[in-house]
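Mapping of the sequence shown onto numbering that gives the first Met the number 0: position 177 corresponds to residue 176, and the numbering continues sequentially without gaps.
We put the CB at the ideal spot given by N, CA and C, even for glycine.
Inspection log for the structure reproduced underneath, given as structure tokens.
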Amino acid sequence: MEQDKKKQMPLTIKESGWTVEEYLQLPEDGNQYEIVGGKLELRPSPTTTHQRISQRLERILIDSCEQEYIILDAPVDVILSDNETRQPDILMVHRSRESIVEEHGVVGPPDLVIEILSPNSAKRDRMMKKESYARFAVPEYWIVDPANLSIEQYVWFRSGEPYQLPNVFGAEDTVRSERIPCVSFVVKEGLKIV
Numbered sequence: 000m001e002q003d004k005k006k007q008m009p010l011t012i013k014e015s016g017w018t019v020e021e022y023l024q025l026p027e028d029g030n031q032y033e034i035v036g037g038k039l040e041l042r043p044s045p046t047t048t049h050q051r052i053s054q055r056l057e058r059i060l061i062d063s064c065e066q067e068y069i070i071l072d073a074p075v076d077v078i079l080s081d082n083e084t085r086q087p088d089i090l091m092v093h094r095s096r097e098s099i100v101e102e103h104g105v106v107g108p109p110d111l112v113i114e115i116l117s118p119n120s121a122k123r124d125r126m127m128k129k130e131s132y133a134r135f136a137v138p139e140y141w142i143v144d145p146a147n148l149s150i151e152q153y154v155w156f157r158s159g160e161p162y163q164l165p166n167v168f169g170a171e172d173t174v175r176s177e178r179i180p181c182v183s184f185v186v187k188e189g190l191k192i193v
């Protein structure tokens, strides 16, 4: 009788205090999760437009940067601390640092993280993720805004300080990065849906 009660009890999900160790034991259920300050958060699936732009940008970056960088796209876990994981849309890790790319995820800050705005992700990407990536020393963070055909380029300089915004690339502008010199593409070409 006691066995039957245990089988019928629903799975209990704790609200806070999540660690990477517990996170990595979650069953693969098709959902995307992140740990933010020890809280488990469910991310909705991206739109098809979002996915098509992500594929296009990833293809452009692979064509120009693959010799120097490992380029990955979501879903891939970026483990920033014992209680903070993220799943950026696209990330790049310089091959000199490829030891942080482990089988279960990227353990440490990538060289570049890219988030593509969707209607349901704008606040999270512009505020929470930007603050998180800066706190954990991700050197460069791009926010891709398909609705406005723009890419915001945030750069991290010093521990404890927020990102600086040196560039907002418009539709006709060529995206360049001092830290990632292999990058060079026109925004409207990168965000074109084909």
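Beta carbon of Asp72 nearer than 8 Å to that of Glu57: yes
Touch test, the stretch 76–95 against the stretch 123–139, Cβ-Cβ under 8 Å, three pairs minimum: yes
Selected residue, minimal CA-CA separation from Val182, among Ile115, Trp141, Gly159 and Pro161: Trp141
Close Cβ partners of Met0 (< 7 Å) along its chain, the five nearest in sequence each way excluded: Residue placement at Met0 is poorly supported in this model, since its pLDDT is 42, which falls under 50; the coordinates are not used for a value here.
Reference Gln66; option with closest CA among Glu188, Ser44, Thr47 and Ser95: Ser95
C-beta contact flag for Gln163 and Val154 at 8 Å: yes
Gln7 burial status per 10 Å Cβ neighbour count (16 or more: buried): Its pLDDT being 36, under 50, Gln7 is placed unreliably in this model, and the value from its coordinates should be taken loosely. When all chains shown are included, Gln7 counts as exposed.
CB of Pro109 within 8 Å of CB of Val143, strictly: no
Cβ-based burial, Arg178 [other Cβ within 10 Å; buried from 16]: Counting C-beta atoms within 10 angstroms of its own C-beta, Arg178 has fewer than 16 neighbours from the protein chains shown and is therefore classed as exposed.
Candidates Pro180, Ser176 and Gly169, of which the one nearest Glu188 by Cα: Gly169
CB-CB length for Met127 against Val35, believed under 8 Å: 7 Å
Span separating the alpha-carbon of Val19 from that of Glu102: 14 Å
Beta-bridge pairing of Tyr132 - partner residues as DSSP gives them: According to DSSP, Tyr132 bridges with nothing at all.
Asp124 burial status per 10 Å Cβ neighbour count (16 or more: buried): Residue burial annotation: Asp124 is buried, with at least 16 other C-beta atoms found within 10 angstroms of its C-beta.
Outcome for Arg157 when other beta-carbon atoms lying within 10 angstroms are tallied against a minimum of 16: exposed
Gly16 versus Glu27 - alpha carbon distance: For Gly16 and Glu27, the distance between alpha carbons rounds to 20 Å.
Cβ-Cβ distance between Arg85 and Val193 below 8 Å: No, the Cβ-Cβ distance between Arg85 and Val193 is not below 8 Å.
Burial state of Gln24, where buried means 16 or more other Cβ atoms lie within 10 Å: Under the 10 Å beta carbon count, Gln24 is surrounded by fewer than 16 other beta carbons and is classified as exposed.
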